[in-house]
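Notes to accompany the following structure.
Numbering (UniProt numbering), first residue to last: 1 to 222.
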């Protein structure tokens, strides 16, 4: 079977716009348009490309002639992006992995479909990524790590060796996870969290809030 050279993007938000930019910069594929749930169509066009209802995706962008990229943020702790991925797969679509040429992905890494690896990422050997995994720019994923389906790592996340990130878990900007720790399914680590022990499924962690000091910056001895 020949691989289609046209792509439809599932989504119409900023994540979808970034997917368009990555496809144009990093691949030779032609982006045919966007699809989104009918209730969320804001305009018939986005960045010069047509926007159609996801409910009509096969009519406008048939799966035998189009690949798909599900480009939706981690809304509802990744539930929406997981649902649209599963629905598109059931309709017969194959998916594009958006791997930045500015990322370092070692030999021995196993990757599913519809994965995004941003600029400046390091994915070390023997790591396994499931389907629909997002690794934000500047993140470091250590050796022998497992990223299960639909999990979402924001920018500059750091995972030490042998970490497991459960299905649809969400890690905010700059989150850090110690070696051999497991983060349960649909758990949330907020920006800047440093996790040294296991996190249960659907657990929510937040970093300490910054303290506003009673001094003006022009009084600092810098």
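Just so it is clear, CB atoms sit at the ideal spot from N, CA and C, and this is done for glycine as well.
Hey, residue i and residue j: beta-carbon distance below 8 Å or not?
i           : j           : result
residue 84  : residue 70  : yes
residue 112 : residue 137 : no
residue 94  : residue 67  : yes
residue 190 : residue 207 : yes
residue 141 : residue 122 : yes
residue 8   : residue 36  : no
residue 176 : residue 194 : yes
residue 127 : residue 143 : yes
residue 31  : residue 49  : yes
residue 81  : residue 132 : yes
residue 23  : residue 57  : no
residue 51  : residue 33  : yes
residue 98  : residue 116 : yes
residue 183 : residue 199 : yes
residue 26  : residue 101 : yes
residue 13  : residue 73  : yes
What did DSSP end up calling residue i once you bin it into helix, strand or coil?
i           : result
residue 126 : coil
residue 180 : coil
residue 15  : helix
residue 164 : strand
residue 6   : strand
residue 46  : strand
residue 212 : coil
residue 196 : coil
residue 20  : helix
Determine the burial state of residue i: buried for a count of at least 16 other Cβ atoms within 10 Å of its Cβ, exposed for fewer.
i           : result
residue 156 : buried
residue 152 : buried
residue 10  : buried
residue 212 : exposed
residue 125 : exposed
residue 45  : exposed
residue 139 : buried
residue 222 : exposed
residue 186 : buried
residue 2   : exposed
residue 55  : exposed
residue 39  : exposed
residue 171 : buried
residue 215 : exposed
residue 197 : exposed
residue 220 : exposed
List the residues that DSSP assigns as beta-bridge partners of residue i.
i           : result
residue 52  : 35
residue 159 : 141, 177
residue 116 : 98, 134
residue 109 : DSSP output for residue 109 lists no bridge partner at all.
residue 205 : 189
residue 152 : 134, 170
residue 147 : 129, 165
residue 104 : 122
Against chain B, does residue i count as a neighbour if the rule is that its beta carbon must be under 8 Å from one of theirs?
i          : result
residue 20 : This model lacks chain B altogether, as it is built from one protein chain only.
Extract the residue ranges of the beta strand (DSSP E) inside the region 65-101, only unbroken runs of 3 or more that lie entirely within it.
66-70
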